[in-house]
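2 protein chains.
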Amino acid sequence: MAESWSFLDTSEPKFRPLVVIELAKGTKKETVEWFTERIVDKKSNGGAQLLVKPLVTENGDETIYLVGASPFRLLLGAETVGLVKECNDNSMRTFTYSSRKTFKDFADDNHNFLTMAECQYIIKHELENLRAKDEKMIPGYPQAKLYPGKSIVRRLLTSGILVQIFPLHDREELKKLRYTWYGRVKVGYQPLDEIRCYFGETIALYFGFLEYFTFALMPMAVIGIPYYVFAWEDYDKYVMFATFNLLWSTAILEVWKRICAIMTYHWGTLLMKRQFEEPRPGFHGVLGVNPVTGREEPVYSSVKRQLRIYLVSLPFVCLCLYFSLYVMMIYFDLEQWALDYHEENGSNFSSVMLFVPSIIYAVVIEIMNRIYRYAAEFLTAWENHRLESSYQNHLILKVLVFNFLNCFASLFYIAFVLFDMKLLRQSLATLLITSQILNQFAESLLPYWLQKRHNKKMKKRMGSLKTDTELSLVEQVNLEKEMGTYLGTFDDYLELFLQFGYVSLFSCVYPLAAVFAVLNNITEIYSDALKMCRVYKRPFAEPTANIGVWQLAFETMSVISVVTNCVLIGMSPQVNALFPDSKMDLVLTVALVEHLLLAVKFMMAFVIADKPRDIQIKLAKLEFESLEALKQQ
Amino acid sequence: MAESWSFLDTSEPKFRPLVVIELAKGTKKETVEWFTERIVDKKSNGGAQLLVKPLVTENGDETIYLVGASPFRLLLGAETVGLVKECNDNSMRTFTYSSRKTFKDFADDNHNFLTMAECQYIIKHELENLRAKDEKMIPGYPQAKLYPGKSIVRRLLTSGILVQIFPLHDREELKKLRYTWYGRVKVGYQPLDEIRCYFGETIALYFGFLEYFTFALMPMAVIGIPYYVFAWEDYDKYVMFATFNLLWSTAILEVWKRICAIMTYHWGTLLMKRQFEEPRPGFHGVLGVNPVTGREEPVYSSVKRQLRIYLVSLPFVCLCLYFSLYVMMIYFDLEQWALDYHEENGSNFSSVMLFVPSIIYAVVIEIMNRIYRYAAEFLTAWENHRLESSYQNHLILKVLVFNFLNCFASLFYIAFVLFDMKLLRQSLATLLITSQILNQFAESLLPYWLQKRHNKKMKKRMGSLKTDTELSLVEQVNLEKEMGTYLGTFDDYLELFLQFGYVSLFSCVYPLAAVFAVLNNITEIYSDALKMCRVYKRPFAEPTANIGVWQLAFETMSVISVVTNCVLIGMSPQVNALFPDSKMDLVLTVALVEHLLLAVKFMMAFVIADKPRDIQIKLAKLEFESLEALKQQ
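As structure tokens, then:
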């Protein structure tokens with residue numbers, strides 16, 4: 001940032017609103033003045049040097065502020081956050097202002113060099129890094145303490161003065177994106193690059209994974225169909241299907257890493273340096289010195305945190321798991337009762353009743369999953385993790401373990417305790433289909449319908465009947481600030497993870513699961529797209545290079561599925577018939593095959609390189625260049 | 001390298017010989033002149049700017065040259081290779097000449113700031129990076145082609161003009177080291193820091209691992225002794241021992257990573273940046289452009305290499321494995337024959353004969369391992385890997401697979417085909433003890449004796465009866481250049497790896513194995529120390545941060561040992577007696593326990609952090625500082 005930058009007036013004609021700040025009603029004037037002053041203040045004075053403009057709504061409240069920045073400021077911000085862009089020689093490089101001319105599509109008057117999502121990410125980063133200097137508190141709010149280096153925005157958020165910060169939609173862009181994404185009936189890929197430009201890498205990667213996963217399931221689905229159509233029951237066909245499934249699921253997870261590397265390389269995030277992680281907003285503690293940065297910040301003893309994790313969270317999770325098993329046993333009682341009822345009566349009604357316990361159980365599972373989710377979030381927040389990443393990992397672990405047991409325990413019980421393959425098939429189908437329908441409904445369609453009704457109401461109140469693209473800025477902001485907040489890709493990945501479990505854990509019993517999964521995922525793409533574009537506020541872009549802990553979760557599931565499938569095949573009467581004399585031989589053979597499959601799996605994971613060769617070479621080239629540059633210094 | 005350096009005369013009084021270069025007899029004068037000229041030439045002219053002095057031996061040949069460097073040159077070299085040293089504030093930082101005053105123990109007149117091993121490593125690095133400018137060939141040798149950027153030393157080595165480059169011993173230092181290391185009878189740790197200063201990190205880490213491993217085996221050995229003494233045969237005790245063993249072996253491998261991180265952090269290698277890898281000396285191909293560096297260098301199609309690996313090396317390895325199994329079957333025939341002979345005759349002689357097949361087989365295994373080793377080296381070199389690391393990985397994989405099968409196949413056969421636990425115990429003991437004796441003899445004692453004899457001869461010829469420290473430089477160089485070359489830690493780790501196999505694979509059958517392993521390792525430390533100090537030339541130091549692929553190899557072995565031990569326990573008559581009615585239940589229980597143990601193992605590996613918390617914080621601090629520095633720029 002060698003060049004000095006002129007201070008730009010907030011009222012300059014080029015002001016383009018990018019991010020909306022909503023303050024609480026009745027926020028004191030001095031606070032507002034101080035906060036906006038800090039936002040526009042020069043970088044050298046510790047400000048963010050952005051542009052702010054109040055938005056006067058119809059009620060005359062001044063609680064909404066629009067934030068923008070000059071193109072020059074954004075370019076400097078892009079350097080600060082370490083964006084990686086494509087150069088003229090087609091290589092990807094970290095953007096710096098001084099080398100801007102070497103980048104593709106860069107021109108001083110080209111304001112599309114940075115995508116809108118990138119601009120908003122930069123502004124978010126700058127706002128979050130706006131730090132207290134010598135202020136001891138937020139002016140006007142003595143209880144909202146500050147200390148040098150504390151992020152002002154985070155303190156404003158935790159003390160409730162700042163209601164929310166969100167990026168604005170670009171109605172024109174969004175319309176175009178909607179059209180190419182789901183606006184027309186077509187067979188083809190999603191416009192992942194456009195999604196990434198509009199929503200950022202994390203969301204684009206989720207849709208990329210969803211699409212990839214759907215395509216990857218298709219061979220399984222195609223092979224699964226004849227099993228259903230011709231009602232194949234030969235053991236050799238099942239063994240073949242299961243073996244194919246196991247190797248296939250390993251292969252697709254390995255290949256995904258490569259595809260992910262290709263995508264994120266071209267998006268620049270594969271090369272992006274990890275920034276230093278600040279404490280998450282909810283983190284609290286007594287003021288101390290961070291041993292890493294040497295800065296003053298709240299510190300919280302890691303022993304205390306460990307105690308909270310092992311003495312409270314762990315027992316609570318175990319209790320929940322026990323409760324989930326208890327509910328499962330009730331389900332089996334119900335199931336037995338329905339069966340008895342059907343045997344007694346034998347009517348049409350009673351045969352329908354046979355499905356009722358499964359459906360009730362599926363609904364209860366979904367409800368329990370959602371309640372547990374809140375408890376897990378509360379507990380993990382209470383554990384007081386310093387970093388958002390560590391919070392996320394603990395939350396994901398808690399939720400995964402519970403959801404896994406909650407969803408699959410009954411199936412394991414049916415398969416390995418009751419040995420009832422027919423019931424297993426039936427339960428699997430009911431659980432899978434019910435949970436898919438519930439999910440799609442609760443996740444996208446219901447919010448969409450609510451949102452639509454709400455929008456209509458809002459528009460009616462504003463007396464306008466314009467289409468979305470004709471809305472004035474005030475109307476647009478007012479509409480968007482009421483929309484729900486998208487809470488990240490967690491639930492979406494979790495749904496895919498459980499689906500992967502339904503498909504792979506018992507694949508040799510119910511080959512049709514893959515078909516349902518494919519069908520669900522195709523509609524899921526559309527309903528998730530709808531959700532992103534119409535139901536929720538636009539989320540801030542989050543640069544990411546991979547799907548993180550989910551890769552590990554999917555891989556673990558595929559290891560578990562090797563075990564379950566081998567056992568299931570070993571239990572099938574056809575295989576049993578092959579070993580008429582000695583059950584021992586059967587079990588030993590199954591165990592041997594299982595170990596061999598696991599060995600093959602690990603070898604496949606070892607042999608298939610995580611990144612394609614050309615990406616490896618490109619990365620090596622960059623590393624070599626930076627080493628050479630260091631030597632020249 | 002901002003400061004200009006004065007050109008130092010080779011004959012200045014302070015010249016301290018560090019590295020010896022031996023040229024072939026009858027090397028042309030113009031070649032020698034050109035080579036030494038390039039070595040002493042200024043860096044700006046593409047030279048190495050080192051000091052060279054010819055050493056005139058008694059026969060008057062000028063084939064030996066001593067290389068040294070000015071203290072200032074060495075400091076600049078330390079910056080080039082990226083050495084990490086301790087600062088005044090006890091943090092570890094990459095050394096730069098400009099920040100030299102901030103480092104601990106740095107003074108302009110303190111020539112011990114860099115250890116002798118580090119100086120020698122720097123000189124080696126500078127010599128290897130001495131590159132051809134516009135020379136098309138080595139002067140005087142038109143067949144030894146050069147191209148811009150080709151390492152001159154590597155071409156001299158491959159064309160046989162350069163016989164060897166090796167670092168000189170420091171007789172005073174070595175005497176001190178020998179005394180603290182193995183010169184007195186003591187109970188205690190090895191002087192690892194001193195070993196590291198003298199021999200470098202790779203070798204110090206090997207001895208560190210050997211020591212750690214020996215201590216880690218002690219609890220197993222201690223618990224194993226009463227099994228032998230009281231001839232315990234209760235299944236519950238065996239189960240306990242095996243379970244303890246399995247969890248223990250996981251724990252020690254995880255804890256080793258932490259200890260390794262602590263050691264290498266304090267040695268600086270944990271933080272050292274990986275340098276760009278140049279092609280290994282033996283690599284050949286047609287001249288092309290490296291896609292990473294853009295430099296001219298030989299390139300070799302990776303498809304061709306893959307073909308060589310899969311069409312030649314893989315079948316060859318399989319053939320060798322088959323041959324090894326064939327030899328094993330011959331051994332069992334012999335064993336049977338010895339048994340029959342003993343039954344027929346029943347004499348003392350025939351009962352001794354019972355052990356002969358095992359001993360012969362152990363010797364044959366050792367011989368086969370060694371022959372195969374040469375074949376593997378030849379094949380891997382023929383595969384023409386570009387990088388030394390990739391060559392090493394392929395070599396290690398080949399050797400490990402063969403040695404594993406060669407050493408353990410007979411034990412697996414006895415255990416799981418013959419079900420003969422008595423024979424298993426006997427074979428295990430014979431194999432373990434024989435291989436240990438053979439190894440110690442072939443690896444250290446024999447070379448030591450040969451070396452001693454040779455030294456005496458040499459000294460007699462030189463007519464001197466001085467002790468080592470009194471030798472003149474000429475005598476010292478003449479003695480050292482005839483010593484064998486230490487070929488790296490490969491064989492030493494391999495020996496430990498196989499020993500770990502003997503101890504853990506069948507630990508529940510022969511608890512005494514750990515006792516023998518501990519005893520062997522204690523003598524191994526001494527014989528290896530002897531080997532390093534007295535038998536071989538001093539090796540160049542190699543900075544390294546961990547034991548590399550061996551960690552993976554040991555972990556794989558410990559996974560396999562879970563399986564073998566569970567099966568062995570399941571086969572024991574005591575456990576069988578627990579399930580009198582159903583063998584099925586037995587097998588299922590064993591399989592369940594095995595899977596639980598494996599799950600616990602993986603969870604332990606996941607939960608135990610690879611680096612202790614304080615090292616993690618120190619690393620995070622450095623990373624944070626470099627991020628901040630980047631921002632300031």
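Chains A and B, in that order, give the protein sequences. FYI, full-length UniProt numbering numbers position 177 of the first sequence as 177, with every residue one higher than the one before it. FYI, full-length UniProt numbering numbers position 532 of the second sequence as 532, with every residue one higher than the one before it. Backbone N, C-alpha and C define an ideal beta-carbon position, used for all residues, glycine too.
Contacting residues, own chain, Cβ-Cβ under 6 Å from residue 626 of chain B (five flanking each side not counted): none
Selection of the segment 579-590 of chain A by Cβ proximity to chain B, strictly under 9 Å: For the segment 579-590 of chain A, the set of positions with a beta-carbon nearer than 9 Å to some beta-carbon of chain B reads 582, 583, 584, 586, 587, 588, 590 in chain order.
Cutoff 8 Å: residue 122 of chain A Cβ touching any chain B Cβ: no
Stretch pair the segment 546-565 of chain B + the segment 501-508 of chain B: three plus CB contacts closer than 8 Å: yes
Reduced DSSP category for residue 67 of chain B - H, G, I as helix; E, B as strand; rest coil: strand
Any C-beta of chain B under 8 Å from that of residue 620 of chain A: yes
Residue-level contact to chain B via CB, residue 627 of chain A, 8 Å cutoff: Residue 627 of chain A counts as touching chain B.
Residues bridged to residue 87 of chain A (per DSSP): A/103.
Below-8 Å beta-carbon distance, residue 291 of chain A vs any chain B residue: yes
Simplified DSSP assignment, three categories, for residue 144 of chain A: strand
Euclidean distance between Cα positions of residue 11 of chain A and residue 460 of chain A: Any reading at residue 11 of chain A must be qualified, since the residue scores a pLDDT of 41, below 50, and its modelled position is unreliable; no value is offered.
Cut-off 7 Å between Cβ atoms - residues of its own chain near residue 7 of chain A, not counting five sequence neighbours on either side: Residue placement at residue 7 of chain A is flagged as unreliable, the pLDDT there being 38, under the threshold of 50; the coordinate-derived value follows with that caveat. Answer for residue 7 of chain A: 42, listed in chain order.
Residue 547 of chain A and residue 205 of chain A closer than 8 Å at C-beta: yes
Interface residues of chain A facing residue 595 of chain B [CB-CB closer than 7 Å]: 563
Residue 9 of chain A burial status per 10 Å Cβ neighbour count (16 or more: buried): Confidence is the limiting factor: at residue 9 of chain A the pLDDT is only 39, short of 50, which leaves the residue's position unreliable, though a coordinate-based value still follows. Exposed is the label assigned to residue 9 of chain A, since fewer than 16 other Cβ atoms lie within 10 Å of its Cβ.
Unbroken stretches of the alpha helix (DSSP H), 4 residues or longer, contained in the segment 438-497 of chain A: 446-462, 473-481
First and last residue of the uninterrupted alpha helix (DSSP H) at residue 512 of chain A: It is not in any alpha helix (DSSP H) - residue 512 of chain A carries neither H nor E in the DSSP assignment.
Three or more C-beta pairs below 8 Å linking the segment 122-141 of chain B and the segment 91-107 of chain B: Cβ pair count under 8 Å is below three, so no.
Chain B within 8 Å of residue 617 of chain A, Cβ atoms only: yes
The segment 245-260 of chain B in contact with the segment 584-603 of chain B per 3-pair CB rule at 8 Å: yes
Contacting positions in the segment 533-561 of chain B - beta carbon closer than 8 Å to chain A: For chain A, none of the residues of the segment 533-561 of chain B brings a beta carbon within less than 8 Å of one of its beta carbons.
Minimum Cβ-Cβ distance from residue 624 of chain B to chain A less than 8 Å: yes
Status (buried if at least 16 other CB within 10 Å, exposed otherwise) for residue 523 of chain B: It counts as exposed.
Ordered list of alpha helix (DSSP H) runs contained in the segment 503-576 of chain A, each at least 4 residues: 513-530, 549-571
Closer than 8 Å to chain A by CB, residue 95 of chain B: no
Presumed contact (8 Å Cβ cut-off) between residue 203 of chain B and residue 532 of chain B, rounded CB distance: 7 Å
Within-8 Å CB hit, residue 500 of chain B to chain A: No, its Cβ sits nowhere closer than 8 Å to a Cβ of chain A.
Residue-chain proximity (residue 416 of chain A, chain B), Cβ-Cβ < 8 Å: It does not; no Cβ of chain B falls within 8 Å.
Alpha-carbon to alpha-carbon, residue 440 of chain A and residue 229 of chain A: Approximately 27 Å, taken between the alpha carbons.
Proximity to residue 511 of chain B [Cα-Cα], best of B/173, B/221, B/550: B/221
Cβ-Cβ distance between residue 93 of chain B and residue 84 of chain B below 8 Å: yes
Member of A/431, A/273, A/260, A/254 whose CA lies at the smallest distance from the CA of residue 331 of chain A: Ranking the options by Cα distance to residue 331 of chain A, first place goes to A/431.
Rounded separation between residue 177 of chain B and residue 194 of chain B - CA only: If you take the alpha carbons of residue 177 of chain B and residue 194 of chain B, they lie about 7 Å apart.
Backbone secondary structure at residue 641 of chain B - three-state DSSP: Because chain B spans 1 through 633 in this model, residue 641 of chain B falls outside it and cannot be assessed.
Within 8 Å of chain B by C-beta, residues of the segment 248-281 of chain A in sequence order: 273, 275, 276
Environment of residue 456 of chain B [buried if 16+ CB atoms lie within 10 Å]: Of the residues assessed, residue 456 of chain B falls on the exposed side of the cut-off, its CB having fewer than 16 other CB atoms within 10 angstroms.
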